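In order, the protein sequences belong to chains W and P. Heads up, this note's numbering is the position in the first sequence plus 16, with the first residue counted as 1. Heads up, this note's numbering is the position in the second sequence plus 3, with the first residue counted as 1. Backbone N, C-alpha and C define an ideal beta-carbon position, used for all residues, glycine too. These figures come from a predicted structure and were not determined experimentally.
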Amino acid sequence: MDRPLTVFRRHEEQLYLGAAGLVIAVAALLPLLVLCGQLVSSTAPASGPAATLASARIWLLLARSLGVAAAVTALALGVGVPLGFIFARTDAPGRWVAFALHAFPMFVPPFLLALGWFHWFGRQGLLGSETSSRALFSAGGLIAILVATFTPIVTSLAALALSAIDPALEEAARVVARPWRVATRISLGAIRPALALAALIVFALSLSELGVPTFLRVDLYPSAVFARLGGVDYAPGEAVALVLPLLGLALILLVAERRFVGARSFAVLGARAAERFTIPLGRWRVVGALAGLLAAVVGLAPLGALIGRAGLGGFSSVPAWMGGSLWNSLAEASLAASIMTALGIVVGRALARRRRAAAPLDALAMLAFVMPASVLGVGILATWNRSATAAIYGSLAIVVIGWTARYLIVSTRTIAIAVAQSPLHLEEAAAAVGSPFGRRLRRIVMPLHRRGIAAAWLLAFVFCLRDLETVVLFYPAGREPLTVRIFTLEANGPPAAVAALAALQIAVVAGVVAGAGVAQLAARTGPR
Amino acid sequence: MSVEISLQDVSLRIGQSEVIRGLSLTVAPGEVLALLGPSGSGKTTLLRLILGFVPPEAGSIRLGPDLVSADGRILRPPEERNLGIVFQDLALWPHLDVHGNLAFGLDARRVPAAERDRRIAEMLARVSLAGTERRYPGELSGGERQRVAIARALVLAPRALLVDEPLSNLDATLRRQLLELFRALLKERGMTAIFVTHDVREAALLSDRIALLERGRIVQSGTWNELRQKPGPLLAALLADLAWGAPS
């Protein structure tokens, strides 16, 4: 009879996946199940979901939210795809610097950018007037700011995918067609899964966005949910009912992701990935450079305005207004990113190696990401806000659980893409010499993909740092992260201090991203 | 219409390494040349030079009377050379179906739709793939994918066909079938072709003439019968690699 240790080792991989699955289920699935349970149980006609959803205003809000998300997605694709192309495949001068500056806003909470634009175009802004203020505080202004914020997601995914195309696909086309035709018909066609993923992410983030519409006073669906949980319309039962249509939407988005993206996002770079051709822009190089410059200016302008508005006075008052919120942010984000990375190593690797059990875990993580943050937020409230779990609900743990649920997909997909670049034989060779799964993971998979794993941690960390819409619904009193602190101060705090705090938040993210870039560069050039 | 391919004193350096070294080579109209050599000998680079993806550092390349590349310059871009190419990994466009893969080049040349569809249907029938027009590369077997790649290259009636080891990952039976298909297609069209391989049997079966490439230089060339009478060191080494000997 096999000894217990032997049995454990034989099923070690399944046990690792099972443990990861349990954590993901508690973080992401349990809130949804509790939410569904509450929806089913609240059947009283006067106060149940049917009564709440009978209001025409609710459906109008939902339609408006969908319209805004669709417009932002379409415009972000319209701007981001050409920019991605210019940055990745042409000889436009200064394109890499422009790309870095353009991409930065995607790591910043969108409402801070809105605050920055307000200091440019608000009534008393640097370029402000009554007309510009009216334009800013409107659905058009909201869409413009969200497009400026989310376009870098499209640009980055398009540029990355264009860099990962097998050069032979384009060379086969270059034999019969001019570069422009190859670019539009072959290159862009081949990266459709990446563009579908970009569209999905932008749509989901736009639909979830709470900070910018609240700041610009544009009524949207997430604001209605938020108002019933923490605002003047306090009615938590109605909030639960309001997430019902959003749950349906989330499922539609998940199906779309499975249909149009799925495993196709795991592009494997060929050995010749560095040989792809660059399109010479010729006399259009100036136009390409100007487009890059404009994209960079749009990325940096809000930050400039925030720094200008804060002034010395604002920055000197930062310690008083900040409290412990920055440290809360850093501690909570570090812990959540570490948990997500550990889960990502197990699930992401299994996904890259096409393990059957990984697919439902990936789908669950994707669902938690594409569903509007208010659904997850309300679900977490319903699950953990009870006396038996007060210790968790009143501590940093609740923030870590929320972020882990929402952003787990970021780490799993990043690690899956990294692992998919290396052949399975490397792990099989270790298995053949008797190395059990855990050891293979520690000694082969993790060292081989340490850069991918570091990138996954960093991305998860930055996503947590920039989050407002998930955590604003359930952050523990006195333990709020910096984004929530700025959001709550924005309504009645001194504008200079708020601008300084916003600049500080952006500087922290910039520091983290720049530090990671330097570390990556050092790792490439240093001894191996 | 077939064309002569001529390279004169062509050299190319990539980084510190001289990949092609003063290479001269002429392939007559209608001739099938097998370019035989070990991995890293510069075979694929030579095709990329002829296709116009890289300019030669020195020397010149002509297609018929046209000077297409010379002394560090590409005088005619790839799309104006009218050459067909079958890549080692086939490079079928995954987002286009079989019809789309064949139609891409014809559309680029503004062939009218009716004429285009007729040529595609004829070509697919010729490679025994009629009825697969709406299938995507991912839905085809390995052998079918190879034939789509051949059809895609030939449907444009190129002046010459360049083939880069497309059979290297196939089993022996399928490889032989496709070699016979290649030979029949090239002969019936009288097409100039360069067939890159590291397999002596493929070279002997398909080509009119074999050129042996080593470290960027042609070290021996001739018909299979001429070469096997007097094999140089490279051919002897390649023959020795064949566990079961050379083709008769």
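One alpha carbon belongs to residue 154 of chain P, the other to residue 26 of chain W, and they sit about 49 angstroms apart.
Closer than 8 angstroms to the CB of residue 205 of chain W there is at least one CB belonging to chain P. The Cβ atoms of residue 489 of chain W and residue 430 of chain W do not sit closer than 8 angstroms to each other. In this model, residue 184 of chain P and residue 215 of chain P are separated by some 24 angstroms (Cα to Cα). Listed in chain order, the alpha helix (DSSP H) runs fully inside the segment 97–140 of chain P are 101–111 and 116–129, counting runs of at least 4 residues. Looking only at P:225, P:165, P:240 and P:63, the smallest Cα-Cα distance to residue 76 of chain P is reached by P:63.
In this model, residue 102 of chain P and residue 238 of chain W are separated by some 46 angstroms (Cα to Cα). Secondary structure of residue 14 of chain P (DSSP, three-state): strand. Within chain W, 191 have C-beta atoms less than 7 angstroms from the C-beta of residue 86 of chain P, given in sequence order. Secondary structure of residue 391 of chain W (DSSP, three-state): helix. Residue W:107 holds the alpha-carbon nearest to the alpha-carbon of residue 297 of chain W among W:84, W:103, W:107 and W:77. Annotated as distal: residue 24 of chain P and residue 9 of chain P, with beta-carbon spacing of 8 angstroms or more.
Taking 8 angstroms as the threshold, the shortest C-beta distance from residue 182 of chain W to chain P falls below it. Under the Cβ distance rule, residue 49 of chain P does not count among the residues neighbouring chain W, no pair being separated by less than 8 angstroms. Shown here, residue 504 of chain W sits in a helix according to DSSP, grouped into three states. Within the model, the alpha-carbon separation for residue 218 of chain W versus residue 445 of chain W is close to 41 angstroms.
Contacts between residue 199 of chain W and chain P, judged by CB atoms closer than 9 angstroms, are missing: the closest CB pair is about 13 angstroms apart. Contacts with chain P at 8 angstroms (Cβ-Cβ) do not include residue 455 of chain W.
Residue 503 of chain W and residue 227 of chain W have their C-alpha atoms spaced approximately 7 angstroms apart.
Residue environment: residue 441 of chain W is assigned as exposed (fewer than 16 neighbouring CB atoms within 10 Å of its CB, all protein chains considered).
If only uninterrupted alpha helix (DSSP H) runs of at least 4 residues are considered, those enclosed by the segment 433–490 of chain W are 441–448, 453–456 and 466–482. Two segments are said to touch when three or more pairs of C-beta atoms, one from each, lie closer than 8 angstroms; by this definition the segment 516–529 of chain W touches the segment 123–136 of chain W. Between residue 304 of chain W and residue 102 of chain W, the CB-CB gap stays under 8 angstroms. Note that the segment 353–366 of chain W touches the segment 432–439 of chain W; at least 3 beta-carbon pairs, one per stretch, sit closer than 8 angstroms. Residue 473 of chain W sits close to residue 357 of chain W, with the two beta carbons spaced by under 8 angstroms.
For a cut-off of 8 angstroms, the C-beta gap from residue 153 of chain W to residue 233 of chain W is around 6 angstroms, short enough to register as a contact. By the beta-carbon neighbour count (other beta carbons within 10 angstroms, threshold 16), residue 149 of chain P is buried. Of all residues in the segment 56–70 of chain P, those with a C-beta nearer than 9 angstroms to a C-beta of chain W are 56, reading in chain order. Judged by DSSP secondary structure, residue 31 of chain W falls within the alpha helix (DSSP H) whose first and last residues are 28–40.
Contact annotation: residue 170 of chain P and residue 54 of chain P have beta-carbon atoms that are not nearer than 8 angstroms. Cβ contact annotation for residue 499 of chain W (same chain, cutoff 6 angstroms, sequence separation greater than five): 125 and 484, in chain order. The beta carbon of residue 235 of chain P lies closer than 8 angstroms to those of 215, 222 and 223 in the same chain, with the five residues before and after it left out.
Residue 208 of chain W reaches chain P at 98, counting residues in chain order whose Cβ is nearer than 7 angstroms. With the rule of 3 Cβ pairs closer than 8 angstroms, the segment 506–520 of chain W counts as touching the segment 329–342 of chain W. In this chain, the beta strand (DSSP E) harbouring residue 198 of chain P covers 195–200.
The segment 190–275 of chain W contains, as complete alpha helix (DSSP H) runs of 4+ residues, the segments 208–224, 227–232 and 237–246 (chain order).
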